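A short write-up of the structure that comes next.
2 protein chains.
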Amino acid sequence: MAEAKANKRVNDDLVEALRGIVGDRLSTTDAVLGHHGRDETYHTPHPPDVVVFPEATEEVSRIVSLCAEREIPVIPFGTGTSLEGHVAALNGGVCIDLTRMNEVIRVNAEDMDVTVQAGVTRKQLNKHLRDTGLFFPVDPGADASLGGMTATRASGTTTVRYGAMRENVLALTVVLADGRIIKTSRRARKSAAGYDLTRLFVGSEGTLGVITEVTLRLYGIPEAISAAICPFPDLASAVNTSIRTIQMGVGVARIELMDEVQMEAINKHSNLDYPLQPTLLFEFHGSEAGVVEQAETVQAIAAEFDASEFRWETKTEDRNRLWQARHDAYYACMALRPGAKGFSTDVCVPISRLTECIIETRRDIDETGLMAPIVGHVGDGNFHVIVVMDFENADEVARAKAFNERLVTRALAMDGTCTGEHGIGHGKIEFLTAEHGEAVSVMRALKMAIDPMNIMNPGKIVRL
Amino acid sequence: MAEAKANKRVNDDLVEALRGIVGDRLSTTDAVLGHHGRDETYHTPHPPDVVVFPEATEEVSRIVSLCAEREIPVIPFGTGTSLEGHVAALNGGVCIDLTRMNEVIRVNAEDMDVTVQAGVTRKQLNKHLRDTGLFFPVDPGADASLGGMTATRASGTTTVRYGAMRENVLALTVVLADGRIIKTSRRARKSAAGYDLTRLFVGSEGTLGVITEVTLRLYGIPEAISAAICPFPDLASAVNTSIRTIQMGVGVARIELMDEVQMEAINKHSNLDYPLQPTLLFEFHGSEAGVVEQAETVQAIAAEFDASEFRWETKTEDRNRLWQARHDAYYACMALRPGAKGFSTDVCVPISRLTECIIETRRDIDETGLMAPIVGHVGDGNFHVIVVMDFENADEVARAKAFNERLVTRALAMDGTCTGEHGIGHGKIEFLTAEHGEAVSVMRALKMAIDPMNIMNPGKIVRL
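Line order of the protein sequences matches chains A and B.
Residue numbers are given in the numbering used here: position 5 of the first sequence equals residue 1, and the series is strictly consecutive.
Residue numbers are given in the numbering used here: position 240 of the second sequence equals residue 236, and the series is strictly consecutive.
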């Protein structure tokens, strides 16, 4: 597929000026540009014209100022693991790769918060925290950067208990479209002081500014953790068990669904022998007694819905293997069909509609004849269909896209959203309008107010 | 004090046009105008020119359209219990009183959410929910409207466990400054679809639009609830107990501080006989076993900090009396000095700094010679000093204002906020700049983008 044309305003002069800021931490080689213009999906790559690797907020500010003077697009880049074309340089421009901004600036153990540079990844942070008794819970599949997770309003398997990035970002340092640096908030746990700029930038996908530092909530590592894997005779029983668990107010830390196709994929990929049935994976956090109490309640609910067994993973290494397998679900799907690429859907619906939504979707997949495992954060009403497909096959592409449109339409009709956690990028711009209607005009007004020249990751979330 | 001059553009013609929308649900009598231009504090009253009482979003839309055509200010009004001059019609205009929009539109028990019209109060909602096993936890002192609580980003005594309005609003219906109606979100528990308009309007204090409907999260009434009252030998011991409790990750539902002055006030006001010492009030929610476990942990912490006793309030009526007394703290303070008015501060700091902040503040109060009890949501790092004073006494006013400025400066130096839950209104506009610096320019840009004519509650949060 054709790559976007380079931005003609990015000339030797600009590259020299950028070099004046970052020295050798700059690249214009095809390999580096190519790497920065694509994500993990089928979206057409759009490489930037130049990639810079700043090490400080001040450098980012100078880079953005330079781009603002020349009206050059700026595309922030974390780990490139987003899924809706977020990093595509649709009109060329300067990619700001934040991976060298990977310092944990300050752990405030007493306040249970931490400030990091945007390039720190979630695994790096948790490794850094390992002697503090604290951890950061939000865990998308990839080992994404915390800046990227903030920018896409990411969530993960623990959101049902600990919330998403929306709930866990306390404050941000942001470089605005004209190079000014702001802090969106202070470290107090709550504030009623003015518009909630923190939440405005959480989920803004680089379109309003470059997030350079993030202050996050941390949590105490629970005294006790236990996990269980629980296969069901059919999808409806598994989903209904998760709905009932939420409605009973059991504070499960994780409640994840995999359908039988997904179980087969992870068995193969991770060399496991779990039953090939729709399965729920649970994790319980709390005191020793609290964890037992939660697990007993859930086990009783599962039994009502004819769960085949409730297999405990008590050893830390078994538990880790279980969740690693879950996090590798996407890659496991890819391995089902060598050479294929993935197309992940991301709808989220009110939990009362979840069973209906998943059952109809499974039927739709089967009728469409796609290879498409289902995996879901069912405690939040969010699930992914990972369509494993050949993007060179026009018929398959057409069928997959039509399937996704039907799925989004189904979720919207149930008062749900087209994206629970992946974001809009440019891949879901049409769906944003279907979902928000007139409210998109307010989003457009916000974008124009904060980035009047439309240089910040242009073409994402809203088109001007 | 002088009242603001009426807006000359509000003429008979406009009143007639408004009557065409709301019929007799409109008033221009002095008593009604006066009531709508003042809040519960010392702020100078600024009555609007006319008050309308719409019953539907569609009516609000038509009212705002009419005002937009004529560039007339629009001031939304809930119960008038805000504390920073939020409802003052600084330039006159049309006050939209939402109290007749008091319908609970839909309880989604299975999804644990509810949609209400903005005028429904928190107590009305909980009364409505009483047979569902669900409740809405956010509880500012007053029985405020849920629209007003959303607009001020309110919180309360249960925020430490259940979060503030920020965490508990799922979606809003908003009438924009030109009369258009938008929905900010759907009912899914999470979404990554575009800018977070919901959080933008939560805390916007009527300056970006009129909130007419609110969708809120609900929670299951816990299986077990217990409360305790725990006096300490000194303030530091009480505050340190609360800090340790939070740091240990005990999921207390409430942890509230009252200093000895406040205890005396509530004893008198509510005819109670609690010890006149700095005191923590606790509430625990959970399973029978879970509540016992939490309470034992907290009791052990309190003992370490020399708590005098740990007095259980096991009966529902004793517990209700306890929390009613807590909610009446402000009124109890007023009763300390007949004819006096209250001036409530509202700083919130990172919890590691809370003891230092409260101790310094108590010393400051004593040195200043003010009558000023302290009451606080100490689990969040938020506390109020309620200065009980005579606003006709210029010296007392000067001392109180100077005290508040020192308190805010102290909190900001500790990375805290000038307002944890009361908002900015026009009373704290100067502090907003001290707190947010350059970021206020972004707030101003947002305001101008969404309300370009500056008709929505002008003069609040930011001045244009």
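Here a beta-carbon is modelled for each residue, glycine too, at the ideal position from N, C-alpha and C.
Keep in mind that this is a model prediction, so the values were computed, not measured.
Alpha-carbon spacing of residue i relative to residue j, whole angstroms
i, j, result
"Ala114 (chain B)", "Leu125 (chain B)", "16 angstroms"
"Pro229 (chain A)", "Ala303 (chain A)", "7 angstroms"
"Val90 (chain B)", "Ala140 (chain B)", "21 angstroms"
"Gly286 (chain B)", "Pro218 (chain B)", "11 angstroms"
"Glu80 (chain B)", "Lys424 (chain B)", "7 angstroms"
"Val246 (chain A)", "Val198 (chain B)", "28 angstroms"
"Val393 (chain A)", "Ile239 (chain B)", "56 angstroms"
"Ala0 (chain B)", "Gly30 (chain B)", "The pLDDT assigned to Ala0 (chain B) is 43, lower than 50, so where the model puts this residue is not dependable; a value taken from the coordinates is nonetheless given after this. Going by the C-alpha atoms only, they are around 11 angstroms apart."
"Ser151 (chain A)", "Leu214 (chain A)", "15 angstroms"
"Arg182 (chain A)", "Val110 (chain A)", "12 angstroms"
"Leu193 (chain B)", "Leu196 (chain A)", "8 angstroms"
"Lys337 (chain B)", "Asp35 (chain B)", "12 angstroms"
"Val343 (chain A)", "Glu363 (chain B)", "59 angstroms"
"Pro69 (chain A)", "Gly421 (chain A)", "15 angstroms"
"Thr146 (chain A)", "Gln120 (chain A)", "16 angstroms"
"Gly419 (chain B)", "Val18 (chain A)", "42 angstroms"
"Thr429 (chain B)", "Ala188 (chain A)", "14 angstroms"
"Arg118 (chain B)", "Leu142 (chain B)", "6 angstroms"
"Asn453 (chain A)", "Lys179 (chain B)", "26 angstroms"
"Ala85 (chain A)", "His42 (chain A)", "5 angstroms"
"Phe306 (chain A)", "Val294 (chain A)", "10 angstroms"
"Ala138 (chain A)", "Ala407 (chain A)", "25 angstroms"
"Arg96 (chain A)", "Ala52 (chain A)", "9 angstroms"
"Asp8 (chain B)", "Pro72 (chain B)", "21 angstroms"
"Phe131 (chain A)", "Met410 (chain A)", "35 angstroms"
"Ala223 (chain B)", "Asp269 (chain A)", "49 angstroms"
"Val156 (chain B)", "Ala396 (chain A)", "45 angstroms"
"Thr77 (chain B)", "Arg149 (chain B)", "13 angstroms"
"Met108 (chain B)", "Gln290 (chain A)", "20 angstroms"
Residues that residue i contacts on chain B, provided the C-beta gap is smaller than 9 angstroms
i, result
"Ser370 (chain A)", "Looking at the sequence shown, residue 370 (chain A) is not Ser but Ile. By Cβ distance, chain B contributes nothing, its closest Cβ being about 17 angstroms from Ile370 (chain A), past 9 angstroms."
"Leu428 (chain A)", "Ala189, Gly190"
"Met108 (chain A)", "Ile242, Gln243, Gly245, Ile347"
"Glu309 (chain A)", "In chain order: nothing, as chain B lies at least about 23 angstroms away."
"Arg213 (chain A)", "Correct list: empty, because the minimum Cβ distance to chain B is about 11 angstroms."
Own chain, CB closer than 6 angstroms to residue i, minus 5 neighbours either side, in chain order
i, result
"Ala467 (chain A)", "Summary: the structure shown does not reach residue 467 (chain A), with chain A confined to residues -3 through 460, and so no result is reported for it."
"Glu284 (chain B)", "Ala220"
"Val371 (chain A)", "Met254, Gln258, Ala325, His380"
"Arg21 (chain B)", "Phe49"
Neighbour list for residue i in chain A, Cβ cutoff strictly below 8 angstroms
i, result
"Cys344 (chain B)", "Ala184, Arg185, Lys186, Ser187"
Proximal residues to residue i (C-beta, below 7 angstroms), its chain only, five neighbours per side dropped
i, result
"Leu231 (chain B)", "Asp255, Pro274, Ile354, Ile355, Arg358"
"Val56 (chain B)", "Pro50, Ile92, Val171, Val206, Thr208"
"Arg402 (chain A)", "Asp360"
"Ala13 (chain B)", "Leu62"
"Pro133 (chain A)", "Thr154, Tyr158, Tyr215"
Residues that residue i contacts on chain A, provided the C-beta gap is smaller than 7 angstroms
i, result
"Arg176 (chain B)", "Glu434"
"Ser151 (chain B)", "Lys186"
"Ala160 (chain B)", "Lys186"
Neighbour list for residue i in chain B, Cβ cutoff strictly below 7 angstroms
i, result
"Met330 (chain A)", "Ordered by position in chain B, no residue passes the 7 angstroms Cβ test against Met330 (chain A), which lies about 23 angstroms from the chain."
"Val112 (chain A)", "Result: empty, since nearest Cβ-Cβ is about 16 angstroms, beyond 7 angstroms."
"Met449 (chain A)", "None at all; the shortest Cβ gap to chain B is about 14 angstroms."
Chain-ordered chain B contacts of residue i [CB-CB under 8 angstroms]
i, result
"Asn104 (chain A)", "Pro346, Ser348"
Beta-carbon neighbours of residue i, restricted to chain C and to distances below 7 angstroms
i, result
"Leu442 (chain B)", "Going by chain labels, chain C is absent from the structure shown, which instead holds the protein chains A and B."
Contacting residues, own chain, Cβ-Cβ under 8 angstroms from residue i (five flanking each side not counted)
i, result
"Thr24 (chain A)", "Val11, Asp45, Val46, Val47"
"Phe301 (chain B)", "Phe228, Ser233, Ala234, Asn236, Thr237, Arg240"
Proximity test, residue i beta-carbon vs the ligand MN heavy atom, cut-off 7 angstroms
i, result
"Pro346 (chain B)", "This structure lacks the ligand MN, and indeed carries no ligand of any kind."
Start-end ranges of the beta strand (DSSP E) lying completely within the region 27 to 94 of chain A, minimum 3 residues: Contiguous beta strand (DSSP E) elements confined to the region 27 to 94 of chain A occur at 46 to 48, 70 to 73, 90 to 93, taking only those with 3 or more residues.
Interface positions of the region 178 to 199 of chain A facing chain B (Cβ-Cβ less than 7 angstroms), listed along the chain: So the close ones are Ile178, Lys179, Thr180, Arg182, Arg183, Ala184, Arg185, Lys186, Ser187, Ala188, Ala189, Gly190, Tyr191, Asp192, Leu193, Arg195, Leu196, Val198, Gly199.
Check each residue of the region 373 to 390 of chain B: if its Cβ is closer than 8 angstroms to any Cβ of chain A, include it; give the result in chain order. In summary, the residues of the region 373 to 390 of chain B whose CB is separated from some CB of chain A by less than 8 angstroms are Asp376, Gly377, Asn378, in the order they occur in the chain.
At what residue ranges does the region 204 to 269 of chain A contain a whole run of the alpha helix (DSSP H), taking only runs of 4 or more? When DSSP assignments are scanned along the region 204 to 269 of chain A, the uninterrupted stretches of alpha helix (DSSP H) that are 4 or more residues long and fall wholly within it turn out to be 231 to 243, 256 to 266.
Whole alpha helix (DSSP H) runs in the region 379 to 446 of chain A with 4 or more residues, listed along the chain? Counting only runs that start and end inside the region 379 to 446 of chain A, the alpha helix (DSSP H) elements of at least 4 residues fall at 390 to 409, 425 to 432, 435 to 446.
Below 7 angstroms between beta carbons is the criterion; list the residues of the region 279 to 292 of chain A that meet it against any residue of chain B, in chain order. Per Cβ criterion, the list reads Ser283, Ala285, Gly286, Glu289.
Of all the residues that make up the region 255 to 274 of chain B, which are near chain A by a beta-carbon distance shorter than 7 angstroms? Cβ contacts with chain A: none found.
Please list, in chain order, the residues of the region 59 to 82 of chain B that have any C-beta partner in chain A closer than 7 angstroms. Within the region 59 to 82 of chain B, not one residue has a Cβ closer than 7 angstroms to any Cβ of chain A.
Which runs of the alpha helix (DSSP H) at least 4 residues long sit entirely within the region 132 to 208 of chain B? Give them in chain order. Entirely contained in the region 132 to 208 of chain B, the alpha helix (DSSP H) runs reaching 4 residues are, in chain order, 142 to 147, 155 to 158, 161 to 164, 193 to 197.
Give, in chain order, every residue of the region 402 to 428 of chain A whose Cβ lies closer than 7 angstroms to some Cβ of chain B. Taking 7 angstroms as the cut-off between beta carbons, the residues of the region 402 to 428 of chain A near chain B are Asp411, Gly412, Thr413, Cys414, Thr415, Gly416, Glu417, His418, Gly419, Ile420, Leu428, in sequence order.
Beta strand (DSSP E) runs wholly inside the region 290 to 334 of chain A, at least 3 long, in chain order: Considered as a whole, the region 290 to 334 of chain A harbours 307 to 309 as its complete beta strand (DSSP E) runs of no fewer than 3 residues, in chain order.
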